[in-house]
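I have placed the structure first, in the form of structure tokens, so that the comments after it can refer back to it.
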Amino acid sequence: MRAESHTLRPVRVLITLVAALALTACKTEKDPEQPTVLGSPAPVAYLGVEYYYNFGVYGGDGILQYSLTNAPSWLALEDTSNKARQGIIMRGVPGLTGGNRGEQDLGKTVDVTLLTTDGERVGLQPFDIDVRHNTVTLESEGFEEGEYPDVEASDDANVCELPDLGEVEGDGDRRTGLHQFTAEVYDDQGEVITPPPASAQRSKETTPVLVKVLLAKPSVTRIRIAFELTSDFDPSSCEGSFTAPHQRCTHSAVNRGRAMIGKDVVAMGSDSEGRLEVPEYLQYQPDANGDLTRGVLTLEPGITECYIRLEVVSDDVPETSELFSIDLTDVREGLAALGSGDDGVSRTLTIRDNQTSVVFETEAGYQRDVINAEENRQYRARLENRLDSDASYRVRLGQEEVSTAVPGDDYIIEVPDTDQPGTWIQVEELVFGPGQNHLTFRVAAPNDSMVPVDDDKLMVINADERFQDGREFYAAAQDTGLRLTINELLSSLEVGSSGDFAPTDLVLARNGGIALVGVDLTGFSGEPAGTPLLVVYDRKGNMVDSLVVASVTADSEAPPLLSYNERPADVGNATVTREEIAVTFGSRGALAGASNSGGVDSVQALFRYDSMAGGYAPVWRFQTGTAGDDLPRALAMDRSGALFVGGETSGSWPERTNRGGLDSYVQRIGTELSGSTEVPALAWTRQVGSGLDDRVHAISVQSSSATLVGTSSGQVAGEPALGGVDLYFYTASSAGGDITVRQLGTAGNDNIQDAFLRGSELWLTAAPNGYARKEQTDGDGLVTATLTSEALGSPAASVLGFSTLGKSLAALTLNDQADAATDQFDFLVPFNDDIVTAGFTTGRFSSESTASLGSRQPILARLKKVEPEPEADSQAGEGGGDGDGGGDGDGIDVEESEDTVSPPVLRPGLETRWRVQRDITAGIDGLVQYRGDKLITLIREGASGSETWSLNLFTGEGRLLTP
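In this text, residue positions in the sequence shown follow numbering that gives the first Met the number 0: the first is 0, and each later residue adds one.
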């Protein structure tokens, strides 16, 4: 081996022999230079690897002589010459030359000295040399069943030839190995059938895979290394009281994820000879069971990279990813070390199962749905990655542990009876015939269970993995099953009318209940008309609570609003869950013990569920205000139970200044103890505004910081106005510090109705224009987004997205079919990873609608966030809509700047999953979602003075649950 290059180091000892010279009065000859060795030998050598150093020397007067002192026995000097100069090579092979001392040559030798002399002068080059093991390591990333390695042959002389990997010329199937084994066969209880029947004998194809073996340095001699496959699989590790052999042993929780050597993987298949040629450098050997799971790898001199070919068995059993190890056990020949400590090398590898799996979904392709009690609905099961088109695949049906519904009582699963068309039969398994990849089944919900539950009963239908473990031709379960909940509110629930109670807001409360707040219109509660009331229904539609919020009337300009919160709290030595409802409204009156500050004051009330009383009880009531009108517009609670009120004020809060007109404000109200009584505590108020009226539409709380969203035609906190009505937002978290206001929008009127914050993304509804969002990339690769809007033929409904830094993320406009009616989204909620919005139309918002034009009708839409495609085309109108209606932001252009390297591209960032319209004359006054399963809307029908309010429920697919 050529010595490695190293930096020249100082000579530690210099000895000079001075000859006596006759001095003359005058001298013209130059004195000879000291002999000097160039460079420095490599400081590291390896057992079995050639070490040499062909050095050069300058200086001296005459022929130079060389010698080594204090050198290890394996190192010596050899004469050499060439046309340029005479030289010396220092050479040796640790462990071999100098007496075949093997590992005795390991270690460091210091102050080895290479001496050069011309007979008069001496040059010295001292150095150290450390002899180390030549280590062997393994390299592999694991395998997938049925997948061939993607590796090419190398021309490097240090790399051995590539083993036969079953490649064939042309487009023919690659060759496989073949392996025989005896499978365990189970009865329905998981007992192993013994002795195994003839049908238990398996002959399965195998896929060749590679594990790379690396030798640190090229050896001068052959190296032979023994290897074997091992696994932690233990057939006697059983669950519970089961004893081996049993399905709950072979596939116990301990053994799941552990490969079975001889069944899942072998070094060479029992019948692979003649199908996959074995390279000369590999020898396979049988284990105690006769399977070829061991062997010897031979590395010829000079080879530093080679392969052990293994074979992964392609079975028909659904399995999780499984682990096994390949171990290098000992060196049979040559000088090499197994790892840095020479104590063996082991590499744990994963076999990813290439399995046929089953997907359960709705007919629309969703994996969540809601089914009404005493109803049945059809669903479908779909096979993915069918490996054998001629086989029948089965799925044993089961439900995941999170399920609360009782099989047989709350639901049954049925399939069509092939013997009696039109009838259905209850089954435990689905059977996919040869070539069949889709099956229809239905879930019936008789609702006969007597087991009480707090929330809607849940079932997550999936394959029963524990039953299917080790059973062939069963389709594996996917990570996500079909999530179904049973809804027990089966019809529209009237919750108010103009003759008594007018609800103004709703929230989802404890155990799937629904809390509404509104005003007593006629004084039926015994309080004056206009008094705010809190009404709570359970998930089945039973009224369980009705309370007076406060004995003051609510101002019509600031109707009551709600927020619900669940939080942990320490009570004594226990941690309990606080279930709290907060209410805010504006009033010109005064609470008992309080006084009105002037105009409309802001009133807040906190209620907490009392399990002993079986309902909500008031905790405190609180009134705050300025000399002007203080109109609460939004309410939220944080994880500590603090209230955040967002509103508009014409006055000035203490230590704050009104900018003119209506300013926005955010107020934090907490709870503290006064003795043993919980009382409200105003923590701080922040006031932000412009010289004009500033409106507030929503507030969201994250980590005890409140983000307020509003609109203004002015310059909020001095921010530049963009034209017309702009949107703005800011975050307040304390009484002090600067507040950063972001004023955004387009040159048109950007009217916001609702908003919510999710993570670092702010989502808003907007009207009335069509919006488009275009991205440009400049010469430095910086992407900028431009949000534009244009007036359409009629007002349209839009959803916009921004980052909390103000960057445009999405803009999607949905319009009625003819662009001839008013469409508006008034409410917006997160729904799993999507967004659901609700509002009204006066036209045909949905293509299925048959509504007459002009009347107001409820609409809903579900949108999903999409990542933009880099290659997306820039087409006029492409990003403004969803292809389900004309005029959705069409024809908006952005000029390309000089340094732009790519043209503007429309990237809406959202797309429509569905849009629905109810063909009734009504509006939506509220929207909440329950557990990511269903949507609850507050529907208002009838003309002014004869209105009714009702709760209508929808599934995540937009299907009405409460006709």
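We treat Cβ as the ideally placed atom computed from N, Cα and C, and that holds for glycine.
DSSP bridge partner residues for residue i (one or two, in chain order)
i	result
Pro679	Thr670
Arg772	Leu786
Phe584	Val602
Leu77	Going by the sequence as given, residue 77 is Glu instead of Leu. Partner(s): Ile88.
Ser704	Gln701
Asn750	Ala766
Close-in-space but distant-in-sequence residues of the same chain around residue i (CB under 7 Å, 5 per side omitted)
i	result
Ala363	Glu956
Pro195	Thr181 and Val184
Leu791	Asn768, Gly769, Asn814, Asp818 and Gly886
Ala964	Coverage of the chain is limited to positions 0 through 962, which leaves residue 964 absent and any answer about it impossible.
Val927	Leu505, Val506, Leu507, Val828 and Ile935
Thr803	Ser759 and Leu761
Nonlocal neighbours in the same chain, by C-beta distance under 8 Å from residue i, ignoring five residues either side
i	result
Gln246	Glu183, Tyr185, Gly189, Glu190, Val191, Asp468 and Gly469
Tyr365	Gly955 and Glu956
Gly68	Just to set this straight, residue 68 is Thr in the shown sequence, not Gly. Taken in chain order, the residues that qualify are Val111, Thr112 and Leu114.
Gly498	Leu520 and Thr521
Through-space distance from residue j to residue i, alpha-carbon basis
i	j	result
Ile411	Ser448	12 Å
Glu374	Val442	8 Å
Val966	Glu847	The first residue shown for the chain is 0 and the last is 962, placing residue 966 beyond what the model contains.
Arg906	Glu579	41 Å
Gln153	Lys211	For clarity, residue 153 is Ser in the given sequence; the question names Gln instead. Their Cα atoms are separated by approximately 13 Å.
Arg587	Gly495	24 Å
Asp418	Ile424	10 Å
Asp544	Phe621	22 Å
Glu321	Tyr51	47 Å
Gly646	Val618	23 Å
Gly941	Thr574	47 Å
Glu910	Glu654	46 Å
Gly758	Arg351	34 Å
Ile935	Asp504	12 Å
Arg173	Gly165	5 Å
Thr961	Asp749	35 Å
Asp454	Thr249	38 Å
Val43	Gly805	59 Å
Leu605	Met636	11 Å
Thr193	Cys305	43 Å
Gln856	Ile485	28 Å
Leu672	Gln603	17 Å
Ser596	Ser945	35 Å
Interface flag, residue i vs chain D, CB-CB below 9 Å
i	result
Gln200	Absent here is chain D; the protein component of the structure consists of one chain.
Buried or exposed (CB count within 10 angstroms, at least 16 for buried), residue i
i	result
Asp104	buried
Lys863	exposed
Phe523	exposed
Phe933	Checking the sequence shown, residue 933 turns out to be Lys, not Phe. The residue in question, Lys933, is buried, as its Cβ has 16 or more Cβ neighbours within 10 Å.
Met458	buried
Arg331	exposed
Gln179	exposed
Gly591	The displayed chain sequence assigns Ala, not Gly, to residue 591. So Ala591 ends up on the exposed side.
Gly273	exposed
Thr812	buried
Gly101	exposed
Thr521	exposed
Asp554	buried
Spatial neighbours of residue i in its chain, beta-carbon cut-off 6 Å, leaving aside the 5 residues before and after
i	result
Ser712	Leu691 and Val724
Val915	Ser845, Leu859 and Gly957
Val253	Ser236
Thr116	Gln64
Phe142	Val208, Val311 and Ile350
Thr899	Since pLDDT at Thr899 reaches only 41, below the 50 mark, its modelled position is unreliable, and no value is offered.
Ile62	none
heavy atom of the ligand SAM below 8 Å from residue i C-beta
i	result
Gly588	Among the ligands in the structure shown, none appear at all, so the ligand SAM cannot be discussed.
(request) Would you mind listing the beta strand (DSSP E) stretches within the stretch 150-226 that are 3+ residues and don't spill past its ends, in chain order? (result) 176-181 and 200-214
(request) Please go through the stretch 776-842 and give each complete beta strand (DSSP E) segment of 3 or more residues, from N-terminal end onward. (result) 782-789, 796-802, 807-813, 822-830 and 833-840
(request) Jot down the residue ranges of each uninterrupted alpha helix (DSSP H) in the stretch 436-507, minimum 4 residues, whole runs only, in chain order. (result) 464-467
(message) Extract the residue ranges of the beta strand (DSSP E) inside the stretch 233-320, only unbroken runs of 3 or more that lie entirely within it.
(response) 281-285, 291-298 and 304-312
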